[in-house]
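K.L.:
Start counting the sequence shown at 4; every next residue gets the next number (my numbering).
Ideal placement from N, C-alpha and C gives every residue a C-beta, glycine not left out.
Quick one: the structure is below, questions incoming.
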Amino acid sequence: MHIIIMEATAMKDGQLKAVITDYDYPDLAIETEILAKNGIQVLGAQCKSEDELIAIAQDADALLVQYARVGERTIKNMPDCKVIARYGIGVDIVDVKAATDAGIIVTNVAHYCIDEVADHAVSMFLCLARRLREYDTAVREGRWHWSACGAPISRLKGQVAGVVGFGQIGSRIAARLKPFGMEVVVYDPYIADAKLAEFGAR
């Protein structure tokens, strides 16, 4: 077993310890600044297995997790842990029941990247609607006439866009499509028609 420790602050007697299990950001400057000034030691690692995670986090008071799976065995080997914080919305990589049974709070970042996902989804939609990939390929092959890719591209104004799910991301996608003059039709059995009408959707 080889544990890669990427960053660590000096440990003092009685100091709380926060372990960052893994991350793909350039550094942990933000986490370190916030936690260290509150008297918490920060240990950043790149754990690739449960055994590595247990070895480095067995005396942790807090766990910050990006992709590493935190299962029941890990949780049972962290008797001092009070909180497991997930970098992201989903907590499916954490055994929430085992954590709850152990008195550990599991948190997430409820609004993580919702605008970025909506932006990306609409960008991909526009790429398809405007047939950018086909035209890019045609031009690279020396075919310059619009007919090289078949029928002309239809304008977006007046077309109907279907959005399945009207949660944090779906509602933002709808809000981005409306300015194109599109009619937005939504399927979400949990959202009232009145709520959809507020967004100009149905």
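1) Would you say the beta carbon of ASP139 comes nearer than 7 angstroms to a heavy atom of the ligand ADP?
2) For LEU135, report the span of its alpha helix (DSSP H) as first-last.
3) Quick one: what's got a C-beta closer than 6 angstroms to THR110's C-beta in the same chain, skipping five residues either side?
4) Can you tell me the Cα-Cα spacing of LEU46 and VAL188, whole angstroms?
5) Check GLN44 in the structure and name its three-state DSSP category.
6) Kindly indicate the opening and closing residues of the beta strand (DSSP E) around ILE23.
7) How big is the Cα-Cα spacing for HIS5 and GLU55?
8) Where do the ends of the beta strand (DSSP E) carrying ALA113 lie?
9) Just the Cα atoms here: how many angstroms apart are ARG136 and ASN80?
10) Smallest Cα separation from ARG133: which of LEU199, ASP118, ALA154?
11) Please report the straight-line C-alpha distance between GLY74 and ASP95, rounded to a whole angstrom.
12) Is VAL68 buried or exposed, if buried means 16 or more other CB atoms sit within 10 Å of its CB?
13) Please go through the same chain and pick out, in chain order, the residues whose beta-carbon is closer than 7 angstroms to the beta-carbon of ASP118, but skip the five residues on each side of it.
14) Please classify GLU144 as buried or exposed, where buried requires at least 16 other C-beta atoms within 10 Å of its C-beta.
15) Can you name, in chain order, every residue of its own chain whose Cβ lies under 7 angstroms from the Cβ of ALA121, other than the five neighbours on each side?
16) Note the first and the last residue of the continuous alpha helix (DSSP H) segment covering ALA177.
17) Indicate the three-state DSSP secondary structure (helix, strand or coil) for HIS5 in the structure shown.
18) Is it true that the CB of ALA48 sits closer than 8 angstroms to the CB of THR24?
19) Can you look up SER76 in the DSSP assignment and give me helix, strand or coil?
P.N.:
Taking the geometry as given:
1) No copy of the ligand ADP appears in this structure; indeed no ligand is present at all.
2) Position 132 of the sequence shown, counting from 1, holds the residue named residue 135. Looking at the DSSP string, the run of the alpha helix (DSSP H) that includes LEU135 is 135 to 143.
3) The residue given as residue 110 occupies position 107 in the sequence shown. The residues are ALA88.
4) Taking the sequence shown and counting its residues from 1, the one referred to as residue 46 is at position 43. Taking the sequence shown and counting its residues from 1, the one referred to as residue 188 is at position 185. Their backbone Cα atoms lie some 48 angstroms apart in a straight line.
5) For the purposes of this step, residue 44 is taken as the residue at position 41 of the sequence shown. Note: GLN44 maps to strand in three-state DSSP.
6) Here residue 23 refers to the residue found at position 20 when the sequence shown is read from its first residue. Element bounds for ILE23: 19 to 23.
7) Counting from 1 along the sequence shown, the entry for residue 5 is found at position 2. Counting from 1 along the sequence shown, the entry for residue 55 is found at position 52. Bear in mind that the predicted position of HIS5 carries a pLDDT of just 45, short of 50, making it too unreliable to give a figure here.
8) On the sequence shown, residue 113 is found 110 positions in, with the first residue counted as 1. Premise fails: ALA113 is in no beta strand (DSSP E) and is neither H nor E.
9) The residue labelled residue 136 in the question sits at position 133 within the sequence shown. The residue labelled residue 80 in the question sits at position 77 within the sequence shown. Cα to Cα, the separation comes out at about 51 angstroms.
10) One-based indexing of the sequence shown puts residue 133 at position 130. Considering only alpha carbons, the answer is ALA154.
11) Numbered from its first residue, the sequence shown carries residue 74 at position 71. Numbered from its first residue, the sequence shown carries residue 95 at position 92. One Cα belongs to GLY74, the other to ASP95, and the distance between them is close to 10 angstroms.
12) Walking along the sequence shown from the start, residue 68 turns up at place 65. Result: buried.
13) For the purposes of this step, residue 118 is identified with residue 115 of the sequence shown, where counting begins at 1. Cβ neighbours of ASP118 within its own chain (closer than 7 angstroms, five residues either side excluded): ARG175.
14) Counting from one through the sequence shown, the residue named residue 144 turns up at place 141. GLU144 is exposed by the Cβ-count criterion.
15) Looking up residue 121 in the sequence shown gives position 118. Non-local C-beta neighbours of ALA121 in its own chain, meaning closer than 7 angstroms and more than five positions away in sequence, comprise ILE172, ARG175, ILE176, ARG179, ordered along the chain.
16) Translated into positions along the sequence shown, residue 177 becomes position 174. For ALA177, the enclosing alpha helix (DSSP H) stretches over residues 171 to 180.
17) Counting from one through the sequence shown, the residue named residue 5 turns up at place 2. Because the pLDDT at HIS5 is just 45, under 50, the model does not fix this residue reliably, and the value given afterwards should be weighed accordingly. Shown here, HIS5 sits in coil according to DSSP, grouped into three states, outside any helix or strand.
18) On the sequence shown, position 21 is the one that residue 24 refers to. On the sequence shown, position 45 is the one that residue 48 refers to. The answer is yes: Cβ separation under 8 angstroms.
19) Start at 1 with the first residue of the sequence shown, and residue 76 comes out as number 73. For clarity, residue 76 is Arg in the given sequence; the question names Ser instead. When secondary structure is reduced to three states using DSSP, ARG76 falls in the helix class.
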